[in-house]
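In UniProt numbering, the protein residues as written are 1 to 267.
The C-beta atom is built at its ideal place from N, Cα and C for all residues, glycine as well.
Just so you know, these numbers come straight off a predicted model, no measurement behind them.
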Amino acid sequence: MGLINLFLIQFLNWLKEIIIGNFGFSFIYRKPVINCIGEALTSTLIVGIPALIYSFSVGIFVGIQSAKAQGKLLDRIMYSSFLVLYSIPSFWLGIILILLFSYTFRVFPPSGLHSFNFSEMSFVGKIYDTAIHIFLPAFTLGTAPMAAIARFTRNMMLRVLSQTYIKTAKAKGLDQKTIFYKHILPNALLPVITLFGLYLPLFFAGSIVAEEIFSIPGIGKLTVDSIFQRDYPLTVGITLFVSFIVIIGNLISDILYSIFDPRIRLK
């Protein structure tokens with residue numbers, strides 16, 4: 001272990017092992033930490049990617065519709081709904097969804113990613129089985145971000161609508177469709193890219209609450225198990241992995257900004 005070496009030498013040796021992907025050996029699972037994270041990451045992505053698509057697609061769409069109906073009853077209802085959905089604790093939402101759709105109406109399974117006879121199903125059957133298993137956890141994971149994205153999109157749309165160049169475009173006689181798709185929407189959605197970088201770690205590094213409630217063997221559940229069982233190498237490895245995802249998320253945001261905003265490219 002090199003404990004007789006100076007602290008700086010120990011740290012440099014540890015850093016060298018981290019760079020080559022050696023995060024240590026898990027006390028619980030008796031295998032390399034990187035293997036534990038890789039296996040859990042698959043389950044996390046199965047839930048995280050649909051949650052990411054749901055939160056951004058629905059959030060941007062309803063945010064735009066709310067901005068279009070500014071000052072009307074529909075806008076007030078939608079904006080109030082955003083606040084309520086954003087305020088609901090994810091653990092409470094997950095439990096309510098399980099009670100309603102798993103035990104009352106028996107539409108979706110309450111936990112896990114697959115049925116017990118998953119290996120015997122056809123290809124289409126496996127897709128359907130996975131879809132009904134991930135619906136509730138993906139909805140739980142993506143609802144609060146969806147509400148935040150919807151509020152943010154609405155506010156940015158209204159901010160752009162009040163700009164002078166939009167009033168100039170209307171004064172020149174441009175039709176509403178051209179103004180909306182060529183002037184309002186591109187400028188209003190640019191700040192949403194920032195949210196993409198912020199929420200990427202949530203979807204790709206796992207949600208502890210959602211994975212615990214729905215018994216999904218992902219990064220979040222692995223984190224809880226490693227902490228309660230004092231598996232220090234695994235806990236440190238997961239922390240480093242999540243930190244890496246945060247850095248990647250911010251890097252992707254910067255790259256997307258440079259692609260969609262010509263002002264960034266000029267600078």
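Whole-angstrom distance between residue j and residue i, CA atom to CA atom
i      : j      : result
ASN22  : SER243 : 16 Å
ILE219 : MET78  : 33 Å
THR223 : ASN117 : 28 Å
ASN155 : MET146 : 14 Å
PHE56  : VAL62  : 10 Å
GLN10  : ILE60  : 48 Å
SER207 : LEU141 : 7 Å
ILE18  : GLN70  : 52 Å
THR143 : TYR86  : 7 Å
PRO191 : ILE149 : 10 Å
ILE179 : THR164 : 13 Å
GLN176 : SER162 : 15 Å
SER253 : ILE4   : 43 Å
VAL246 : ILE53  : 18 Å
LEU202 : SER43  : 14 Å
VAL209 : PRO217 : 12 Å
TYR181 : ILE166 : 12 Å
ASP75  : ALA138 : 26 Å
Cβ neighbours of residue i in the same chain (closer than 6 Å, five flanking residues each side left out)
i      : result
ASP225 : none
ASN250 : GLY197
VAL160 : ILE184, ASN187 and ALA188
ALA67  : ARG154, MET157 and LEU158
PHE82  : ALA147, ALA150 and ARG151
TYR199 : PRO145
Delimiting residues of the alpha helix (DSSP H) encompassing residue i
i           : result
residue 268 : Residue 268 cannot be examined here, being either before or after the span of the chain that is shown, 1 to 267.
VAL47       : 33-68
MET78       : 73-87
GLU120      : Taken as a continuous stretch (DSSP letters only), GLU120 belongs to no alpha helix (DSSP H), as it is neither H nor E.
VAL209      : 208-213
PHE91       : 90-98
GLN176      : 176-179
LEU12       : 7-19
Backbone secondary structure at residue i - three-state DSSP
i           : result
PRO186      : helix
PHE27       : coil
MET156      : helix
GLY125      : helix
residue 273 : As shown, the chain starts at 1 and ends at 267. That puts residue 273 outside it, with no answer to give.
ALA205      : coil
GLN163      : coil
PRO191      : coil
SER111      : coil
LYS170      : helix
ILE4        : coil
PRO217      : coil
ASN250      : helix
PHE135      : helix
PHE105      : coil
Contacting residues, own chain, Cβ-Cβ under 7 Å from residue i (five flanking each side not counted)
i      : result
PHE135 : PHE108
SER111 : PHE214 and SER215
ILE64  : THR153 and MET157
Residues of its chain near residue i, where Cβ-Cβ distance is below 8 Å and the 5 sequence neighbours each way are ignored
i      : result
SER102 : PHE108, PRO109, PRO110 and LEU136
ILE34  : GLY21, ASN22, PHE23 and GLY237
ILE28  : ASP225, SER226, GLN229, ASP231 and LEU234
Report task. Please determine if the segment 6-19 and the segment 162-178 are in contact, where contact requires at least 3 C-beta pairs separated by less than 8 Å. Result -> no
Query raised in the report: Quick check: the segment 178-196 against the segment 91-109, are there 3 or more CB pairs under 8 Å?
Result: no
Query raised in the report: Using 8 Å as the threshold, is the segment 29-39 in touch with the segment 119-130, meaning 3 or more CB pairs across them?
Result: no
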